[in-house]
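Residue numbers (the UniProt record's numbering): 1 to 350.
Input: a single structure, listed below in structure tokens.
Quick look at the structure:
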């Protein structure tokens, strides 16, 4: 049985690797769940050159002070109403920090100034400033002698690396493509609540980001896939994750590893978006998978026992703006009636 799972996973990963080999550096960045979404969010919020200059000076001063305390300072995009962050790479690093019990501070920001690659997540730790979730986790593992993966054998590590590659280059871009281009009501709801902006403005941002994302995806091999094709690939990837979990609590046994962080970060929104998952058949399938849902609940208990509080705080703190009259000034034809968690009908613009 274990060999069958390994063979199926190997076939899935080989497909992903062949696609990744054909990507340009820009397309590769887009595929990792950063790309168009995060870069455009930052660009839309930093503003003109004067404000950007001020932001950079303030950030340099902030980072200089943080180098003195020895704590890890993690910069992420804002909390999502459904996950630790609206960016899965950000959620991935924070999950690792929590599982490894590393003392850290989280800074929510839309300003990527100070990041070596102008993207989040990035960390400041003493004289180190690192970006890219993989590099960050490698550094933290060495610097703090993290033992999350110590009990894994070579096959487990190879399987884990393959899973992370599949998450980064196959599942993540499909997740964002569905949310921003195929079913933009999902991204509209997420950004409206996470950023505290009226839905009409969130909808405009999603439209802009989705258009740019699609134009860039069209340059990659995956851009030629029909919605049905890339949704089916996403479901096959999810099945590979389910098979790896099997009847185990986590990917490789009774304890979570660093590889669990990537899977958790990408899939945790599905169990928290409630009725929004019904917009997409793919999202709903994942949200109703007993293996994945129970796995995500177990990891939440380990890494984010306060996740509900974080999500509620995000929604409450920013909902007044998101629900302002400007958010209701929409053409009726652009609204879709959806039920909220209590069964009431709400209007979601997209």
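We put the beta carbon where it would ideally sit given N, CA and C, even for glycine.
Sufficient close CB pairs (3 or more, under 8 Å) joining the region 121-139 to the region 81-97: When Cβ pairs closer than 8 Å are counted between the two stretches, the region 121-139 is seen to touch the region 81-97, the count reaching three or more.
Residue 107: first and last residue of the uninterrupted alpha helix (DSSP H) it sits in: For residue 107, there is no enclosing alpha helix (DSSP H); the enclosing beta strand (DSSP E) covers residues 104-108.
Spatial distance of residue 209 from residue 274 (CA atoms): Their Cα atoms are separated by approximately 24 Å.
Backbone secondary structure at residue 183 - three-state DSSP: It is coil, neither helix nor strand.
Spatial distance of residue 278 from residue 105 (CA atoms): Answer to the nearest angstrom: the Cα atoms are 35 Å apart.
Residue 201 to residue 186 span [Cα, whole Å]: The C-alpha of residue 201 lies about 14 Å from the C-alpha of residue 186.
Contact the region 113-127 vs the region 56-73: 3+ CB pairs below 8 Å: Yes: at least three Cβ pairs fall under 8 Å.
Contact the region 140-148 vs the region 80-87: 3+ CB pairs below 8 Å: Contact between the region 140-148 and the region 80-87 is absent, because fewer than three Cβ pairs lie under 8 Å.
Own chain, CB closer than 7 Å to residue 342, minus 5 neighbours either side, in chain order: Caution is warranted here: a pLDDT of 32 is assigned to residue 342, below 50, making its placement in the model unreliable, and the coordinate value is therefore given only provisionally. Within the same chain, residue 342 has no close Cβ partners at all.
C-beta atoms of residue 310 and residue 79 nearer than 9 Å: Going by C-beta atoms, residue 310 is nearer than 9 Å to residue 79.
Residue 196 classed as buried or exposed, judged by whether at least 16 other C-beta atoms fall within 10 angstroms: Residue 196 comes out buried.
Backbone CA spacing between residue 167 and residue 261 [nearest angstrom]: Answer to the nearest angstrom: the Cα atoms are 11 Å apart.
Buried versus exposed, by CB contacts within 10 Å (16 or more), residue 160: Flag for residue 160 reads buried.
Closest residue to residue 243 among 68, 292, 269, 304 (Cα-Cα distance): Closest in alpha carbon position to residue 243, among 68, 292, 269, 304, is 292.
Classification of residue 164 by the beta-carbon crowding that lies within 10 angstroms, buried from 16 upward: Buried: at least 16 other Cβ atoms inside 10 Å.
For residue 234 and residue 181, the rounded distance between their alpha carbons: Distance between the alpha carbons of residue 181 and residue 234: 16 Å.
Between the CA atoms of residue 300 and residue 249 - distance to the nearest angstrom: A direct Cα-to-Cα measurement between residue 249 and residue 300 gives close to 12 Å.
Exposed unless 16 or more other CB atoms sit within 10 angstroms - verdict on residue 312: When all chains shown are included, residue 312 counts as exposed.
Residue range of the beta strand (DSSP E) that includes residue 128: 128-131 is the extent of the beta strand (DSSP E) around residue 128.
Inter-residue Cα distance where the pair is residue 227 and residue 276: Taking the Cα positions, residue 227 is about 18 Å away from residue 276.
Distance, residue 189 Cα to residue 152 Cα: Between the C-alpha atoms of residue 152 and residue 189 there is a straight-line separation of about 40 Å.
Sequence-distant residues of its chain with Cβ nearer than 6 Å to residue 272 (five each side left out): Counting only Cβ-Cβ distances below 6 Å, and skipping sequence neighbours, we find 82.
Sequence-distant residues of its chain with Cβ nearer than 8 Å to residue 144 (five each side left out): Closer than 8 Å at the Cβ level, and outside the excluded window around residue 144, lie 100, 102.
Beta-bridge partners of residue 123, as assigned by DSSP: DSSP links residue 123 through a beta bridge to 74, 130.
Cβ neighbours of residue 307 in the same chain (closer than 6 Å, five flanking residues each side left out): Counting only Cβ-Cβ distances below 6 Å, and skipping sequence neighbours, we find 300.
Status (buried if at least 16 other CB within 10 Å, exposed otherwise) for residue 297: Its Cβ having fewer than 16 others within 10 Å, residue 297 is exposed.
Whether residue 231 touches residue 178 by CB criterion (9 Å): Contact: yes.
Residue 110 vs residue 94 beta-carbon contact at 9 Å: It is not a contact, given that the beta carbons lie outside the stated cut-off.
Through-space distance from residue 76 to residue 108, alpha-carbon basis: When rounded, the distance between both Cα atoms is 5 Å.
Length of the line joining the Cα atoms of residue 214 and residue 69: A direct Cα-Cα distance of roughly 43 Å separates residue 214 from residue 69.
Proximal residues to residue 268 (C-beta, below 6 Å), its chain only, five neighbours per side dropped: Result list for residue 268: 83, 296, in chain order.
Residue 246 - DSSP class collapsed to helix/strand/coil: Correct three-state label for residue 246: coil.
Counterpart residues of residue 114 in DSSP-defined beta bridges: DSSP, once it has assigned bridges, lists no residue as partnering residue 114.
Close beta carbons around residue 245, own chain, < 7 Å, minus the five adjacent residues each side: Cβ neighbours of residue 245 beyond the five flanking positions: 251, 291, 295.
Own chain, CB closer than 7 Å to residue 66, minus 5 neighbours either side, in chain order: Same-chain partners within the cutoff: 73, 124.
Whether residue 256 touches residue 212 by CB criterion (9 Å): No.
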